[in-house]
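Worksheet: the structure to be examined is printed underneath.
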Amino acid sequence: MPNSINLYKRLVRYLIPYKGKVFLAIFCSIIVGLIATSPVPIIQKTFDEIFVKKDTFMLTAIPLALVGLYLIKGALSYLQNVIIFGISWELVVSLRNEIFYKIQRLPLGYFEDTPVGELLSRFINDVTIMQSSITNMVKEFLQNAFMLVGLICWVFYLKWDWAIMSLFVFPLAIAPIASIARKLRHLSRRGQEIIATINSTVVETFSGIKVVRGFSLEKQQNKKLDLQNDQFLSVMKSNVKYTELSSPLMEILGMVSGAFILWYGGNQVLEGTVTQGSFIAFIVALFMMYGPIRLLFKIYTKFQGSLAGAERVFFILDQDEEDVKGGDLTLNGFEEEIEFRNVSFKYPSRSAWVLNDINLTVKKSSIVAIVGMSGAGKTTLVDLLFRFYLASEGKILIDGVNINDFDVLSLRSKLALVTQETFLFNDTIRNNIAFGRMQVTDEEIMEASRAAHVDSFVKTLDDGYETEIGERGVKLSGGQKQRIAIARAILRNAPILVLDEATSSLDSESEKLVQDALNALMQNRTTFIIAHRLSTIKNADRIIVLDQGKVVEEGSHDELLSNEGVYKKYYEMQFSGTVS
Ligand SMILES: Nc1ncnc2c1ncn2[C@@H]1O[C@H](COP(=O)(O)OP(=O)(O)OP(=O)(O)O)[C@@H](O)[C@H]1O
Ligand SMILES: [Mg+2]
């Protein structure tokens, strides 16, 4: 099982930063384990020396020593647990950070294929399971292992031949226990997968609660959850069956060997070849051994199950990251032009080309509008500029430098985006506009808010800019959300502005006002504007008409109208009222 060995090694590596503490815990376990075996010699001494020699001093000393030893044992095992659980929580926290940072760096395609609920499950459930695996490994395993070693030493010391006879049954258990462990690992893996789907059902149902209620999908969603819950239940029930199998198995084996020694050793006592004290101490040691042996096997089987958690965590940590680093060049400013040169693109998950040999040059400070039918590839085209995806063929150049040669953070810092689907965070209006820019002054926020006409509706809210807007901004109207998104882009003050249907949720009145603000903003910026409503793009310097990923027409509004082409058709349709 080289795979498992690598997994163990990787888990142990997480403990390296806590070396000192781990060694202290191991030291505590050794002492605790050894003290736990102390009844064995004490029983022997009591029978063979105190009772035979009538030593009353020892009769008082031994119980006192026993109390003392168990006090020490109690204190040390407390210390050990505090250390180990402390470490395990630190691990949980740092693993969650590691996973979170990692997920942030995964390519966008990953998010398209993985439901949020599933990510959440890795984050919460799998990490917790992994924590329990590490804690078990260190805490229970160490204490029981040392106790067992101590007891084995005692039985060999007391009567080595009996020891061999009584212990040889245990290796018989190894094969069935190993197969139980394998089963458990499989079941745990399955259980965690189901938990992940349950999570995603819950997230999807409650984040789409309006659609669920509006279409009366409650029953359907309940059924979906019931089904997943049933699957989970059946996996967990098999899990319990296997987990609990190891204990009785070990107990039966233990009893067989205990019974044998009772009979065989008892006869030797009757013959007078072995003292009563040694006999009783041996039996006690043997019976005491079953505890740790049973637990060790159980820990082993459970541990196999929890390895499945670690596997799932490591799976995420091993995913290829988005090639965010790109080149080493820093994009400091933008002087001349942006050029799309023979750019073609298809999404990794699909075989169809979404963009086909696009050639486009945009001069600094000009406004280029992109129009076309839904699904023509407009959003995809601007996404490439942000390097959300890499162009499959051709290249995009800013001032003659391929954008792939820029450090991606410096590239994105020169771009401001208003996305087609407005996304707001569960925070205040102010923070949603400022967007983590700590150094922004209230003055600047107000200015951006006024320009985007956020100010007018914020005034009517009880808490003004400190109003919490709910998850994804549910407590605002669509147009209000969009205006906040525009204010955010204005505040970003980047030289390149990308507006993807930025004003689509506004009524004509507000749109006109916001459009004025955007026009002012576009003055000294290079702007890509995507809009279905042609009235918003009339003033663009150049209009590109995309159809099925190809540029089919380009020119100014007037030129295109005189062209009698696709654009003119759109225009006429809109103004005859068939398309909004
Ligand atoms: N993440 C994705 N994975 C696979 N295919 C995608 C993805 N996003 C978009 N597509 C496909 O790419 C094509 C272009 O989509 P895009 O979003 O660029 O269209 P659009 O012109 O912006 O349309 P709209 O006007 O409706 O916003 C569509 O056929 C769409 O199905
Ligand atoms: Mg789009």
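All residue numbers for the sequence shown refer to the working numbering, where the first residue is 469 and numbers rise by one.
Virtual Cβ for every residue (Gly too), placed ideally from N, Cα, C.
- Bridge pairing for Gly554: absent [DSSP].
- Thr665 has its Cβ no nearer than 7 Å to any heavy atom of ligand 2.
- In terms of CA proximity to Tyr476, Phe782 leads the group Phe782, Val520, Asn612.
- For Lys651, the closest C-alpha among the options Ile540, Gly773, Leu738, Phe636 is that of Gly773.
- Ligand 2 has a heavy atom closer than 7 Å to the beta-carbon of Asp968.
- Using a Cβ distance threshold of 8 Å, Ala641 and Leu717 count as a contacting pair.
- In the DSSP annotation of this structure, the continuous segment of the beta strand (DSSP E) that includes Asn827 starts and ends at 823 to 831.
- Closest in C-alpha terms to Arg658, from the list Leu616, Ala776, Leu763, comes Ala776.
- About 11 Å separates the beta carbon of Gly840 from that of Leu1002, a gap too long to meet the 8 Å contact definition.
- The C-alpha of Ser812 lies about 50 Å from the C-alpha of Phe771.
- Scanning Asp825, Gly845, Lys832, Val869 for the CA closest to the CA of Gly862 turns up Asp825.
- About 14 Å separates the Cβ atoms of Leu721 and Ile648, ruling out a contact at the 8 Å cut-off.
- Taking the Cα of Val708 as reference, the smallest distance to any Cα among Thr769, Gln1042, Gly740 is reached at Thr769.
- Within the stretch 936 to 970, the complete beta strand (DSSP E) segments at least 3 residues long are 964 to 968, listed from N- to C-terminus.
- Per DSSP, the unbroken beta strand (DSSP E) holding Thr994 starts and ends at 994 to 998.
- Thr887 has its Cβ no nearer than 7 Å to any heavy atom of ligand 1.
- The beta carbon of Ile494 is closer than 7 Å to those of Leu610 in its chain, skipping five residues each way along the sequence.
- Judged by their CB atoms, Arg960 and Val836 are not nearer to each other than the 8 Å cut-off.
- Distances from the CB of Arg818 to the heavy atoms of ligand 1 include at least one below 7 Å.
- Taken through DSSP and simplified to helix, strand or coil, Asn800 comes out as coil.
- Cβ neighbours of Ile806 within its own chain (closer than 6 Å, five residues either side excluded): Val830, Ile866.
- In this structure, DSSP gives Phe808 an extended state, which the three-state scheme calls strand.
- Of the residues assessed, Thr741 falls on the exposed side of the cut-off, its CB having fewer than 16 other CB atoms within 10 angstroms.
- Relative to the non-hydrogen atoms of ligand 1, the Cβ of Ser945 never comes closer than 7 Å to any of them.
- With a minimum length of 3 residues, there is no unbroken run of beta strand (DSSP E) contained wholly in the stretch 623 to 671.
- Under the criterion of beta carbons closer than 8 Å, Gly501 and Met615 qualify as touching, at roughly 4 Å.
- In the DSSP assignment, Glu1022 falls within the beta strand (DSSP E) that extends over 1018 to 1023.
- With fewer than 16 other Cβ atoms from the protein chains shown falling within 10 Å of its own Cβ, Val561 counts as exposed.
- In the DSSP secondary-structure assignment, Ile540 is not bridged to any residue.
- Around Arg780, the same chain offers Arg590, Asp594, Gln660 as residues with beta carbons nearer than 7 Å, after the five sequence neighbours per side are excluded.
- According to the DSSP assignment, Asp984 belongs to the alpha helix (DSSP H) that extends over 976 to 990.
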